[in-house]
Every structure is written in C-alpha cells, then in structure tokens.
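In what follows, a single structure is set out as structure tokens and then discussed.
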Amino acid sequence: MTKPRCLSLLSGTPGALFSQGLVAYLPSFMGLHPKLKVPMPQNPELQTWYDQGNALFNVKRFEGAVARFDKLLDQQPAHHEAWTQRGFALYELGLHEEAISSFERALQIKPKSSLSWHGKGIAQAKLGRYEQAITSFGKALKYDPENAKIWYNQGHAYSCLYRYKEAVAGFDKAIEYKPDNYHAWYSRAVALASLRRYEDAFNSLDMTLAIKRSCYYAWNYRGLVLTKLNRHEEAIASFDKSLGYKSDNPNAWYGKASSYALRQDVEMAVKNLHRAIILSPNLYRVMAQTDMNFDAIRQAEAFQELMQKR
C-alpha cells in the first residue's frame, strides 16, 4: 500500500492523496482573514497605521500591510493584535518562518490568544511540521473549543501524519460546530476510506454532495469508493457527474477506466484511460502500469499499445 502524501497545503492547489488505490483531491488547510476588535491606541497615528495595515491586508496588498504593522510596532511593540495580523500577512506572502516568529511575539504578550495559536499552527503545517501544528491547534482549541476551522485544520494535520482515527475525530468536531462544512464532510470521507471504512466514507460523501452538489472532486472520490465496493455501474455514473462539472479532470477519466477494466471492458477502459493520460501523461500512465485494477486487461493489445505510446 502506498501511503498518502500531503501536497500543496494551504495553497488552494489540489494535492494527491494515494490510499488503497484511491486518488483524492486533498483540500488545503482553512486559512483565516481575521477581523480583530482592538482597543484604540492613545496615539491617533498608531491607529492610522493599524487601520491602513488591515485595509491593505483585506485587498491582498500584504507587503504594504506588513510595512504598516512594522511602523506601529516600532512605537508600540506590545501591540499583540498587530503582531498577529503581521503574522497572517507574512503567511500570505509565503514567509512562513517569519510568520511563525510574528505569532510567537504575539503569544509572548497574550499567551491565551486562540487566533495567534491557530495562525502559528497553519504556518507550521505549511512547512510540514504537522506534529508542531497539532500542538498549536490544541492550544488554540483550549481557548476557543467550538471553533470549527481549528478542529478541521487539526483533523487535516492528523491526516497528513496518516493518523486517520484522530483525523476523523477532528472532522467530526468540525461538523458538530458547523454542519454545513462540506470540506469537513469530504475530508472525513477520505480519512474513513483510508481506514477501509468504505460504506461510512460513501455516506460522508453523500453528505458532502447534499451541501455542495457541484463539488466535482467529491463526485470523483465517491466513484472511487463505489469501485472499492464493487458497485461499478454506480461508480461510472459518479465519475460522469464529476466530469459534468469539470471535464478536464483526469482523476475522473482514470476512475472510469478503472471501473471498466474491472468489468473487463477493454475498449471503454482504454478509451477513458487515454483521456486521463492526455490530461496528465506522466502520472496516469505510470499509475496504470502497476494498478491492480487493470490486471484483467493488462495483456490486451490495446492496453499495451497505450502503455508504450509516447
């Protein structure tokens, strides 16, 4: 069994999760765009720097936001909210080490700041420091135990460490506090499938799709789970739903090919696998060469020709 990898975390870019032959879209950690309630500084100029920093952050001018927060902090270094906002701006710039340092300065001033702990955890996760991130998320939850985003991010970090039972528990808490969080339902399904709890994963995916019908990657993963349950006709229908929302989706074309291969339909398996390879030639040709789902058609001439084509 190939273990999953967490890729493109916190970026909004799909990451591949390989688990028992399933390939999943892996949503990123949930970032924050905090709006802090802060006391007015005695110096009006400092309030101006703070307000300008927040305004620039909100329009994604993060370098300018950092510069404004720096001006404020030069004169009022104990302003923990500015250190926190500065940390989020640095994170958005991809300066994750600097972001962690900024959150730590905020926590020196206000150790019970859930927002600062949460931000620190997200930056640590981006750097692949999942154990540290889990510790930070735990601190954040100590001071804000009903925050669905923190529970989600903690569950996601557990998934990245292959600790799926703990991941499911985190996603369950996220859903408890925000039942319409389709990301949590989906990520819960992926973790359940990694535990080979395919029926439970299927039910979680149906909840995902009840909330967001157009979630193409949930339709795709639903098809993969149905394939594991040997419900191939339903799996193909699910892949078709995914393609209806996103036609340039190689995972769905590959999933359809797998289902047809398991039914020993060489023509349709090769046709759909070819579509996947066109969209992502390096990944899907290599996967098909070792994927047991294609064993029943591996000796077919059309399949071998596709594997050899460059």
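Residue numbers (full-length UniProt numbering): 1 to 310.
No residue lacks a Cβ here, since even glycine has one placed at the ideal position from N, Cα and C.
The beta-carbon separation of Ala89 and Phe103, rounded to 12 Å, does not stay under the 8 Å limit for a contact. Rounded to whole angstroms, Gln52 and Lys173 show a C-alpha spacing of 36 Å. Just so you know, the alpha carbons of Leu72 and His96 end up roughly 21 Å apart. Going by C-alpha positions, Glu45 is about 16 Å away from Leu56. Within a 10 Å sphere around the beta-carbon of Thr84 sit 16 or more other beta-carbons, which makes this residue buried.
By the CB criterion at 8 Å, Tyr152 and Gly170 fall inside the cutoff. Restricting attention to beta strand (DSSP E) runs no shorter than 3 residues, the segment 186 to 212 encloses none. For Ser101, the secondary structure class from DSSP, reduced to helix, strand or coil, is helix. Taking 8 Å as the upper bound for CB-CB distance, Lys110 and His80 are in contact here, some 4 Å apart. Here Asp74 carries a helix assignment [DSSP, helix/strand/coil].
Gln299 is classed as exposed because its beta carbon has fewer than 16 other beta carbons within 10 Å across all chains shown. In terms of Cα proximity to Tyr50, the closest of Asn43, Ala82, Phe62 and Ala302 is Ala82. Around the beta carbon of Arg275, 16 or more other beta carbons lie within 10 angstroms, which makes this residue buried. DSSP places Asp240 in the uninterrupted alpha helix (DSSP H) bounded by His232 to Tyr245.
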